[in-house]
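In our numbering, the protein residues as written are -9 to 120.
Just so it is clear, CB atoms sit at the ideal spot from N, CA and C, and this is done for glycine as well.
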């Protein structure tokens, strides 16, 4: 049972996508990933503010969660998200032959990840966190 394969069937599935659509896929995927990174970190920051409390008000206890545990979890999450965003950008550049996610984009991503991780690391090493 042989099947006649047209030349269109031999192309990888992404070859028939227009440049505009490829760039749109890249931008949408990048946006969703960065939004997740910043949203989760922002939510965790709000939880951290609850754990610490404010001057004259004690922090709210959230089960057995401590501020250092939250911080280490957010460092891990941030590292995983940076790795995912990097892998996504690299794959899009390679698979779609797009001139995106070059040196500057990689540097910006890694810088953002390092800044977020350093912030959470400083939270772990403050006297009120223990």
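- Rounded to whole angstroms, the gap between the alpha carbons of residue 58 and residue 27 is 19 Å.
- The Cβ neighbour count for residue 32, taken over all protein chains shown within 10 Å, is under 16; the residue is labelled exposed.
- Relative to residue 69, the option among 83, 110, 87 whose CA is nearest is 110.
- The three-state secondary structure of residue 32, taken from DSSP, is helix.
- Collapsing the DSSP output to three states places residue 54 in coil.
- Bounds of the alpha helix (DSSP H) holding residue 113 are 93 to 114.
- Take the alpha-carbon of residue 62 and the one of residue 8: they are about 42 Å apart.
- The straight-line gap separating the alpha-carbon atoms of residue 116 and residue 11 is approximately 47 Å.
- Under the three-state reduction of DSSP output, residue 27 falls in the helix class.
- In the three-state scheme derived from DSSP, where H, G and I count as helix and E and B as strand, residue 65 is classed as helix.
- Collapsing the DSSP output to three states places residue 9 in a helix.
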